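One structure is given here, and the rest of the page talks about it.
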Amino acid sequence: MHEMTAIHDESKTQYFWVWGGLLLLTAIEVFLAYEQFFAPIKMLLILLGLSVIKAALIILYFMHLKFETRRMRYVLMVAGVVCLSLMSMFFADAVRILRLGVKIS
Amino acid sequence: MAEVAIQHPSAQAYEPPLFGAYSKKVGMWLFLLSDSLTFGALLFAYSYGRIATAHWPTPFGKHSIANATIMTACLLSSSLTMVLAVLAARRRDERWTFLWLLGTMVFGSAFVVLHAFEWNGLIHEGMRPFSNPWAKDVPQFGGTFFALTGMHMLHVTIGVVYLGVVAMRRKFLPILLALWALAFFLTPSDNVFHHGSHVLLASAVVAGMVLWFKPKKYDAHDVEVSGLYWHFVDLVWMFIFPLVYLMSTRIV
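Here the protein sequences line up with chains A and B, keeping their order.
Just so you know, we're using the working numbering here: the first sequence kicks off at 1 and counts up by one.
Just so you know, we're using the working numbering here: the second sequence kicks off at 1001 and counts up by one.
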């Protein structure tokens, strides 16, 4: 194993905790869907928020990004988040269509 | 100049790479970054349709949600076994690396099988890429659903083959071909497994080329890189599950 592979806490316990946390967050999502507490757009935002937390746990612990160099962390995350955020601009249009309807010529 | 370089006191020193990681790992991260944009586009297209369409169909009842929740648990558990395989590979414990990789493949295969059964059910109910029995004015529902979940199922299947190659190398090829033959010859022609089996055949051809033209014994780095791919597949499902299933529930 190369020296550059960061030496960090390799205990299995943390991975079991992360796994348990991910299962718990999934259970919360399913509960919210069953109870249907919120209107679709609010529900979408809440579910996406929970999914972002789950994605962060997977990336940081399972994919070991937490233990990579700072340079690698920033380059990957900034590039990914910026590119995906650019796609969000379409949502404004989706909400507009829902409120105003589609113009039929 | 050459003499100067040889006499330099740090000539034997190890030069750290730019990102502090070996090139294969950086390469996989870059691939995953590009793949996240593919899935991002599909997910955003689905979400756009979901928000912008008032009568979006809600075909997923309790049974479908329970099924999808089990599938999610399978993928999350497979990520745990994958990370344990990476730890075993770092310890150079070949037996446990193999066993944990096998466990990951079993969870991944369970996911694909459950998902394919669900596709079969939806197709039998009349869902097609350009029509569905629940909302006649939202014909795009089937197309967006099949494109998104199909792309993900393809990734999981390729992931299982990838892990099989890393764990068993050439011994995996006959298993792969046997699975293809089982899925192709023992299922009717209108079954998802029948058509999906061709992914196994294509994977066997590609895996065979890799194993014959570039044979090697896969080490801890290879296990870690395959793990990155596997966790990414898990990560994508964390967005598909709420967006596709939980946002289209029909709970009464």
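Backbone N, C-alpha and C define an ideal beta-carbon position, used for all residues, glycine too.
This one's a predicted model, so the numbers in the text were calculated from it and none came from an experiment.
Three-state class that DSSP yields for residue i in the structure shown
i	result
residue 1128(B)	strand
residue 152(A)	Missing from the structure shown is residue 152(A); chain A here goes from 1 to 105 and no further.
residue 1172(B)	helix
residue 1060(B)	strand
residue 1235(B)	helix
residue 1085(B)	helix
residue 1191(B)	coil
residue 1005(B)	With a pLDDT of 48 at residue 1005(B), under the threshold of 50, the modelled position of that residue is not reliable, and the figure given next carries that caveat. Helix.
residue 1055(B)	coil
residue 101(A)	coil
residue 1242(B)	helix
residue 1186(B)	coil
residue 1218(B)	coil
residue 961(B)	With chain B running from 1001 to 1252 in the structure shown, residue 961(B) is simply not present.
residue 95(A)	helix
residue 80(A)	helix
residue 1092(B)	coil
residue 1020(B)	coil
Cβ-Cβ separation, residue j to residue i (assumed contact under 8 Å), whole Å
i	j	result
residue 1163(B)	residue 1208(B)	That belief does not hold up - the Cβ atoms of residue 1163(B) and residue 1208(B) are roughly 16 Å apart, past 8 Å.
residue 1145(B)	residue 1244(B)	6 Å
residue 1079(B)	residue 1234(B)	5 Å
residue 1232(B)	residue 1032(B)	5 Å
residue 1153(B)	residue 1112(B)	6 Å
residue 32(A)	residue 48(A)	With a Cβ gap of about 12 Å, residue 32(A) and residue 48(A) do not count as contacting.
residue 1060(B)	residue 1249(B)	5 Å
residue 25(A)	residue 54(A)	5 Å
residue 35(A)	residue 1246(B)	No, residue 35(A) and residue 1246(B) are not in contact; Cβ-Cβ is about 11 Å, not under 8 Å.
residue 1227(B)	residue 1086(B)	5 Å
The alpha helix (DSSP H) enclosing residue i, as first and last residue numbers
i	result
residue 29(A)	12 to 35
residue 1046(B)	1023 to 1052
residue 55(A)	40 to 57
Paired residues, beta bridge with residue i - DSSP
i	result
residue 67(A)	For residue 67(A), which the question treats as bridged, DSSP gives no partner whatsoever.
residue 993(B)	Nothing about residue 993(B) can be reported from this structure: the residues present for chain B run from 1001 to 1252 only.
residue 1249(B)	1060(B)
ask   = Whole alpha helix (DSSP H) runs in the stretch 1133 to 1182 of chain B with 4 or more residues, listed along the chain?
value = Entirely contained in the stretch 1133 to 1182 of chain B, the alpha helix (DSSP H) runs reaching 4 residues are, in chain order, 1140 to 1168.
ask   = Residue ranges of each alpha helix (DSSP H) run of no fewer than 4 residues wholly in the stretch 1094 to 1126 of chain B, ordered along the chain?
value = Secondary structure within the stretch 1094 to 1126 of chain B: the alpha helix (DSSP H) runs of 4 or more consecutive residues, fully enclosed, are 1094 to 1124 (chain order).
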